[in-house]
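Down below is the structure, laid out as structure tokens.
In full-length UniProt numbering, the protein residues as written are 1 to 1014.
Here it is as structure tokens:
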């Protein structure tokens, strides 16, 4: 039976008298019913008691209930789904608090659409990703559907995701941050060729995420990669440095650093990119156990990338969240935390936990608390009773990784910058390496003190590291506090009941006579990795006086690091990446030289074609190479070297920063002209999405640093990629979220070269509209493009105002704008009469005369710049995101024409333009001089001429100097938009055209909006 039939047969239809715990539960039930039947729902009405102010009545209906109501003078009437449907469910509240169905109308006057139910707004649910999805558009919907089986199971729409979430954050870098980060990577790579780092950039070429791990981290993972902690503490606690760590534990129970990352957000995209990158860096060897924060995005990603790994939430994160999530309890129940910990940690079985959890909910009246319900649903991920068979290798789930984090905490505070961290990063590593070296030295030169005559103690003193031996020694000594009683015995198995007087618990121990297998119900060996006192006393009573080798884990021994690490696959991957990196660099140089003339182009093209033929011949004839197809991604893997993969490019004068973005890589395997796959390759696994590009210390050292143009390389085959990722059975076989920043069907490979500060070359937005204002304070005109001058965006033709510009003009004196006064060109009697008649008082239409008049911009903000009749500055810029953010809090949305900008941009976060001090549009540089202080004009409806309180009243609450700059002298101003001038005062406007669609580069910005409000 398929899933659809299961759903169809399991739903319950509403009926009169049906009861619910709350009206929310009633609506949830009705919505589920509607989803099964195939219609959308809405909350029609609700009513509160006048006395108690509690809800006592609610009515839910089909979304097509009622009839369309639309004003006749609506400018842009919205389509309405209402067609008079009567289907509804009416619920009321009883005196006992229960809710019951008072009336129910089943029949609809329209067709139901069960197969398209996921398209209804009421069934668009972002909850599977906990509102963390900031990834975008149709590719992301495909990616999410892969995590949740099918499109119909992803209760969200492409447009809804795009509208509800921003377009993805980027790393906030200060000047010089990218340079010092690259310097660190290059220096680490010089010290250890195994150093690995990767950079993720979005479609606008903005730096989004960075990951790196040194050779020591890779070596540690090869030996101690069974248990890993993914620590997001610095990110979730809103540190200035968005740092996340991969942490392991070595044989001295010291925490080791298995990777670092700087991430822009906590979306599914980010975690998927990061987990796949880390997995590749570790030689595609998954850990047995991974500990993380309780996060739905992380949970979904680990299930996809590491399906064979046991995933658990760190109890430390959960305990940290309790005061915030249950703040009300801390005020009334001081002993709640005590009881919570007791019920969690003292529950030895799942059944015992279940009983105590229910008792906890009832005792503190928590059954209606949603967060507690989520905790219970995820109990298998964090409750110790559900993880008795899992070894955490010394990583305590109930406390933070104090050993390693204490090292980071000494150097990383909440305001620590990236520069400060990079300077201290090497100190952290050296401190950790020194601690491990000292522990290794002590292990070989010091013998632990024995405290009993036990043969087990003496045996393991020679095997275990000192730290593990001390823990094992406590178990040996603790055996004296145990009493055992044989329960049953046969030829193969003996069962004992062991009473532990130290913790007051009884444990069952089973011992096999034939193969020395031993099992204890405390599951200490499974949990900690060494035998417990209960097993020790049973072995002793059974006449066994040495720990069987099967119960001595290599990872806890002094010889743990002497094993031959399983690095063959890692070396193979790195060598392939290294060859690919080198070829990419050389291909770009070839493209530059080959494009200089037709002759050089012909030579380069001929060489490429010949090289491709020879490579294809070698690949087909080599049985050692496997032809596995590869998808692409937006990941950049930088600087992986291998001793067997030499790079002959010189490294004389490396520039400050050069980043390569592999934005589009041809997916030849999926193209229509791909040759048929050989029969011998049909059963081979399909490789995982993973694209690689160059970025090591010798990137582009032979290229001109001043050349910032995008370089197009057509026809480059990614054949060196195809073995870098191998499929893992059913894991993410289709295109995933990592691929969302790429054009899957592209046939070109594009690299973008950035120089110096990374911020200086990041595209943050694009021009979405241009407005010109022929007459001051009158309606603007939207144009697709317009010429630029130092004082204004020029109108394409003032004649549309029916003003005869060519007739003789004369000067009108006494014209004033704010503090300026002077003369202007009078446009004649005809337009003046028109305005006089309309306004009801004598008026003249005048034009600024730049030949005889000058008007200076306020020298405090734009010294040397000039304007005409504009209030203060030649240009004003606003982002669509800022307008949308304002409209969300307004009762009635307003249009952009209320604020009269010249340039409207889209693609950036709300109010991010406040911080921009220098931007570039189509190679023309503007300087942001100050935020625009608003007058009463935005409160006037330009369609009716009627003034109202909004949006100025709302702007006072969210955009006044009191809010934006509370610690400075207040002037009662409100701000919306950024004023601009040309950066180069003497620049010629000739030939400078600004167009809709032009990219906006951010060349400089301030750190906070308080600095912009001056």
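Every residue, glycine too, gets a C-beta built ideally from N, C-alpha and C.
Small disclaimer: the values here were computed from a predicted structure and weren't measured.
C-alpha distance - residue i paired with residue j, whole-angstrom precision
i            : j           : result
residue 103  : residue 360 : 37 Å
residue 956  : residue 306 : 50 Å
residue 879  : residue 962 : 22 Å
residue 309  : residue 288 : 5 Å
residue 1011 : residue 816 : 31 Å
residue 830  : residue 844 : 10 Å
residue 375  : residue 958 : 36 Å
residue 192  : residue 258 : 15 Å
residue 85   : residue 23  : 22 Å
residue 185  : residue 423 : 12 Å
residue 600  : residue 594 : 5 Å
residue 178  : residue 261 : 14 Å
residue 990  : residue 924 : Low local confidence applies: a pLDDT of 48 at residue 990 is under 50, so the model's placement there is unreliable, and no value is given.
residue 920  : residue 115 : 48 Å
residue 905  : residue 301 : 33 Å
residue 1025 : residue 428 : With the chain running from 1 to 1014 in the structure shown, residue 1025 is simply not present.
Contacting residues, own chain, Cβ-Cβ under 8 Å from residue i (five flanking each side not counted)
i           : result
residue 782 : 769, 770 and 771
residue 320 : none
Residue of the options minimising C-alpha distance to residue i
i            : options                : result
residue 311  : 235, 391, 1007 and 243 : 391
residue 558  : 114, 225, 473 and 467  : 467
residue 515  : 504, 58 and 542        : 542
residue 315  : 300, 385 and 369       : 385
residue 336  : 364, 344 and 356       : 364
residue 976  : 960, 966 and 176       : 960
residue 449  : 441, 455, 461 and 202  : 461
residue 296  : 500, 272 and 82        : 272
residue 419  : 883, 240, 81 and 196   : 240
residue 339  : 362, 350 and 351       : 362
residue 778  : 918, 944, 194 and 953  : 944
residue 387  : 525, 21 and 463        : 525
residue 106  : 609, 93, 61 and 87     : 87
residue 1005 : 56, 173, 53 and 180    : 173
residue 981  : 928, 444 and 49        : 928
Close-in-space but distant-in-sequence residues of the same chain around residue i (CB under 6 Å, 5 per side omitted)
i           : result
residue 887 : 893
residue 256 : 220, 248 and 250
residue 366 : 372
residue 58  : 23, 46 and 91
C-beta atoms of residue i and residue j nearer than 8 Å
i            : j           : result
residue 885  : residue 910 : yes
residue 941  : residue 780 : no
residue 479  : residue 552 : no
residue 382  : residue 325 : no
residue 534  : residue 498 : yes
residue 41   : residue 63  : yes
residue 996  : residue 785 : yes
residue 1056 : residue 223 : Only positions 1 to 1014 of the chain appear in the structure, and residue 1056 is not among them; the question remains open.
residue 199  : residue 207 : yes
residue 459  : residue 547 : yes
residue 266  : residue 235 : yes
residue 530  : residue 471 : yes
residue 510  : residue 495 : yes
residue 117  : residue 110 : no
residue 14   : residue 27  : no
residue 811  : residue 825 : yes
residue 66   : residue 43  : no
residue 216  : residue 433 : yes
Contacting residues, own chain, Cβ-Cβ under 7 Å from residue i (five flanking each side not counted)
i           : result
residue 358 : none
residue 121 : 40
residue 232 : 244 and 293
Contact with chain C by residue i, beta-carbon distance below 8 Å
i           : result
residue 321 : Protein chain content of the structure displayed is limited to a single chain, and chain C is not contained in it.
- [ ] List in chain order: all unbroken alpha helix (DSSP H) runs of 4+ residues lying wholly within the region 935-1003.
- [x] 952-959 and 961-964
Open item on the list: Ignoring anything shorter than 4 residues, give me the alpha helix (DSSP H) runs that lie fully in the region 436-503, in order along the chain.
Closed with: 455-461 and 466-478
Task: Length at least 4, wholly inside the region 872-920: the alpha helix (DSSP H) runs in chain order - done: 880-889
Open item on the list: If we require 4 or more residues per run, which alpha helix (DSSP H) segments fall completely within the region 245-313?
Closed with: 268-281 and 296-305
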